[in-house]
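What follows is a single structure, written as C-alpha cells, with notes after it.
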Amino acid sequence: MDAAQAVHEKFLAALAGGVLPDRADTPDPAAAGLSRAEATDIFLSQLTSRQMDRLSRHLQARGEGFYTIGSSGHEGNAAVAAALRVTDMAFLHYRSNAFQLHRSRQLPGGTPTWDMLLSFAASSEDPISGGRHKVIGSKPLNIPPQTSTIASHLPKAVGAAFSIGIARRLGMTGLPLPDDAVVLTSFGDASANHSTAQGAFNTAGWAAFQGSPMPLIFLCEDNGIGISTRTPTGWIEAQFRHRAGLHYIKCDGTDLVSAYAGAAEAAEYARRTRKPVFLHMATVRLYGHAGSDVQGAYLPKALIEADEARDPLLAGAALMTEHGWMSAGEIAEAYEEIGATLARQAEAAIQRPKITTPKHVMDSLIPPKREVARPNTPTDEDRKAMFGSDAGAMDKPQHMARLLSWALADLMLTHKEIAVMGEDVGPKGGVYNVTAKLHQRFGSARVVNTLLDEQAILGLAIGMAHNGFLPMPEIQFLAYVHNAEDQIRGEAATLSFFSDGQFTNPMVLRIAGLGYQKGFGGHFHNDNSLAVFRDIPGVILAVPSNGRDATQMLRECVRLAREEQRVIVFVEPIALYMTRDLHEEGDGLWTSVYEAPGDGTPIHFGDVGVHGQGTDLAIVTYGNGYYLSRQAEKLLAADGVKARVIDLRWLGPVDEDKLVAAVGDAKRILIVDECRITGSQSEALMATFVERTPVKKLKRIAADDSFIPLGRAATLTLPSRDSIYAAASELLT
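Each residue of the sequence shown is one higher than the last, beginning at 1 in the UniProt record's numbering.
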C-alpha cells in the first residue's frame, strides 16, 4: 500500500477506534496561552495541510501535479505561524505548507488552498510564481518564496534581521519590516550541517555576541533524517544548546501545544531582546522524502511504524477529544470534508491556464521597474563638508581607485538607503582603499565590516534588500566569490523569477578582480574568469576599464538597482586601480578628473566605448584588454594601420546592436579577451560577429586555459600589448 494511504487509514482507524496517544506528559493549552479557538484553528490547518499532501500525490499520479515533497509530520509549524505576526518575515523550509495555511488565517480574505493548488498544477495563475515552480510563498503573507533544499536561504534571513536594527539606528521608516519585527527561517536537521547554514548560525551569533540587534528565529524542524541519511540521535541539541550567541529552545512539533509554547517563547525572546534564537522542534517525516521515495528501502519497518505512531494529527486529535473541543467523529468528518473540498478545487485548478510560450516563462526574469522616492540632492556645501580635504584634489587627474571612492561617497550622500558591507570595508577602507573614509563619513550602520565569510556578506546584502535597503556588498577578490556563488545564482538572481516579480533584492555587488597583478597573490588574487556571472539569467555584468568610465558606470548601476531592481555585478580590474600612465611613464593618460554627479557624459546600460574611427581593424575588448589594446593600437598606427578600439563595458548582457554599430565599417575584427579562452566572453562574441557581420574577417586572442602563477610569470598566459599587436598584424595580412 502507498505510504500516504497507509498513514491516512491509520489516522481514520485511530479515530474510529478511539485509540489516540496519551497526553499525560504534554503541556496544558491554558498554561501555554492557547485558547480553544486558537488550538482548534491550528489543528484544522494541520488537517488541511495533510490532505493537500495526499492530493499532491494523486495529482502527480495522474500527470496533473508536479510536486510531492510534502509537509506530513511537520504540521507543527502551523503552531509556529500562530505564535508570530504576519509582519514577521518568514523564509521557509519546503515542508511548511501548514505554516502558510495557518498564517493565511491571520489575514482574512485570502484563498490559500486554491492558491496552493494552482501552484501544484503549475498554472500560470499561481499567485506566487506564476506557474514557474511549486514554491511556498506569498506577498501578502510576507513569505518570500524559497526553492532551497540546502538552507541557502539562511544567510539572507540573517541579513533581513540585521537590517531591522540598522533601520532603527538610522531612523528609517516605511520599510517592509516594522522596527519590532522578528524574522523566521526554517530548515531541516540535515540542512543544519550544510556550510551555508553553519555560516548563517555563526554570523548571527557573531553579531549578537558583539551586541548587534539580530531579532531572528532559526527553526530547525528535526525529523532525524536527510533523504536516506540518518541524523545521529542528539546531534542537533549537542551542536546548538550551548552555541555562542544563540539562545536555545526545544519543543515537540508533533504536539501542537508544545510547538506553540516553544514558538511563543522564541518569538517573545527574539522580539524583546533583539537576539537570535535556535528553536529546535522535534518532528517526524511521514511518507518518505518525496513521492518517488520508498522508506522501506533504507529504514527498518519498526522505525517507520514508530514514526507513524508520532503522527502530529494523532496527537492533535487526542488534544481535541481530551478537552472536549471536538469529538473523534467530528474530527473525522472535518478531515474528510476538507479532503473532498480540496479534491473539487483541484479539478478546477488543473483546468486553469498554463505557461505556453518561452516569453511567458522569462517574463519575470527581469524585475519590474518601480517608482522610487526622489533622491536627496546634496548642495555644494553638503559635498564640501563631506569630502573635506579631498575636495581640493578633485580638479586634479586621479586613478580609478580614488575616483571610485569619491563616486561611492557621492552616491551614499545622495541615496540614504545605500549600505556598503564586506570584509575590511570600514576604517581600513578596503584592501585597495576604494572604500576609504566611507566609514568615518557615514558610520558603522551604513558601512558594515563583516566577518570573513562571502556567503554571509552576500546573504547580508540580499536580506537588507528585502527590507528596502540598496546594498553594495564588496568581495575582496574575484576567486573568493566561488565560496558563495549560489547566493547570486540560487538566491538573488532567482527571486524575481520565482515570485513573478513580486519580491526583489536589488544590489550592486562590487568585486575586485581579473589578472595582470605582477608578483602578487597567484591565482586566488589573479583570477581571470567571469563565466560564473555570464550564465546567470537576469544578472548584469559590468567591467570598467578606466576611472572616468568606472564613475559613470557605477552611477548607472545604482540607478538600475534603485529604479529597475536589478542585480548587478561590478568587476573592478585590480591592475588598473592605481594605473596612471598608458604609453610611457608620466604621460598620465589613464587618469581622469573627477566628474561630480550630473557632470560629464553619462554611460547608459549597454553603451560601448569607442576610441578611433579606423576602418582597417576594430579591436573589441574590455577591462585590462582595453588598456593593452590601446597600447597595441599605437604600434599599429606606426605601421599605417587605421584602427578603432571598442570597450564593451557591459559584458552581460551585451547590447549586440550597439556593438555592431560601434564596429561599423571596419573590415576586420580582433577580439581581445583577458579571460581563459574556454568559457570566455570571446566565444559568444565570435558567434555574434559570425551571425551579424558574416563578411568581416575575424580573429580572437584570449588567455590560455591555465591558472595564473606567482611572480614574474604572472602574465605569461595572458594577452599582452605585443601579442595583441602580433595577432592584429596576422589578421591584416
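For each residue, glycine too, the CB sits at the ideal point set by N, CA and C.
None of these values were measured; they are calculated from a predicted model.
Among the residues of its own chain, which have a CB less than 7 Å from the CB of residue i, if the five just before and after it don't count?
i: V660; result: R692 and T693
i: S123; result: G131, A349, R352, P353 and K354
i: residue 785; result: It is not possible to answer for residue 785, since the shown part of the chain is limited to 1 through 733.
i: S138; result: Q100 and I128
i: S327; result: T321
i: L451; result: T203 and W206
i: R441; result: M386 and A409
How would you call residue i, buried or exposed, if buried means at least 16 neighbouring beta carbons within 10 angstroms?
i: L478; result: buried
i: L470; result: buried
i: E371; result: exposed
i: I227; result: exposed
i: Q565; result: buried
i: H194; result: buried
i: Y298; result: exposed
i: D705; result: exposed
i: M578; result: exposed
i: H242; result: exposed
i: K156; result: buried
i: F520; result: exposed
i: L303; result: exposed
i: V663; result: buried
i: V19; result: exposed
Can you list, in chain order, the residues of its chain with a C-beta nearer than 8 Å to that of residue i? Leave out the 5 residues immediately preceding and following it.
i: Y269; result: H247, I249, K275 and V277
i: A493; result: I536, P537, G538, V539 and V567
i: A332; result: L12, L15 and A16
i: T591; result: P397, Q398, H399, G547 and R580
i: L342; result: T48, Q51, M52, L55, T113 and L117
i: K697; result: K667, R668, I669 and L731
i: G515; result: N526, D527, N528, A575, N624, E674, A703, I708, A714, T715 and L718
Can you list, in chain order, the residues of its chain whose CB lies under 6 Å from that of residue i, leaving out five sequence neighbours each side?
i: A39; result: P29
i: S629; result: I619, T621, V645, V672 and I724
i: M553; result: A542, P544 and I603
i: G245; result: G205, A208 and F209
i: S496; result: S364, P367 and T504
i: S680; result: D673 and A702
i: A315; result: P21, T254 and D255
Is the distance from the Cβ of residue i to the Cβ of residue j below 8 Å?
i: A82; j: I42; result: yes
i: I462; j: M421; result: no
i: L541; j: F605; result: no
i: A121; j: G65; result: yes
i: residue 735; j: L177; result: The structure shown does not extend to residue 735, since the chain is modelled only from 1 through 733, so no value can be given for it.
i: I69; j: H289; result: yes
i: A79; j: L256; result: yes
i: E491; j: H58; result: no
i: L44; j: A334; result: yes
i: A419; j: I574; result: no
i: L175; j: N467; result: yes
i: A632; j: A728; result: yes
i: Y287; j: V7; result: yes
i: L279; j: C251; result: yes
i: M172; j: E221; result: no
Contact check, residue i vs residue j under 8 Å by CB: the rounded distance?
i: R649; j: V481; result: Rounded, the Cβ-Cβ distance is 20 Å, inconsistent with contact.
i: V158; j: G459; result: 6 Å
i: P21; j: A318; result: 5 Å
i: R700; j: S682; result: 5 Å
i: L530; j: L651; result: 7 Å
Measure the alpha-carbon distance for residue i versus residue j and round it to whole angstroms.
i: A703; j: H611; result: 23 Å
i: A726; j: T379; result: 52 Å
i: F240; j: R168; result: 29 Å
i: R344; j: T113; result: 11 Å
i: V447; j: L438; result: 7 Å
i: V425; j: H102; result: 43 Å
i: G522; j: V434; result: 22 Å
i: Y94; j: Q295; result: 19 Å
i: G253; j: G33; result: 17 Å
i: D527; j: M464; result: 29 Å
i: S364; j: Q502; result: 9 Å
i: T229; j: T283; result: 16 Å
i: E730; j: L617; result: 12 Å
i: T196; j: F524; result: 21 Å
i: residue 795; j: D581; result: Residue coverage of the chain in this structure runs from 1 to 733, which leaves residue 795 outside it and unanswerable.
i: E125; j: L141; result: 18 Å
Spell out whether any CB of chain D is found under 8 Å from the CB atom of residue i.
i: G329; result: You won't find chain D in this structure, because it holds only one protein chain.
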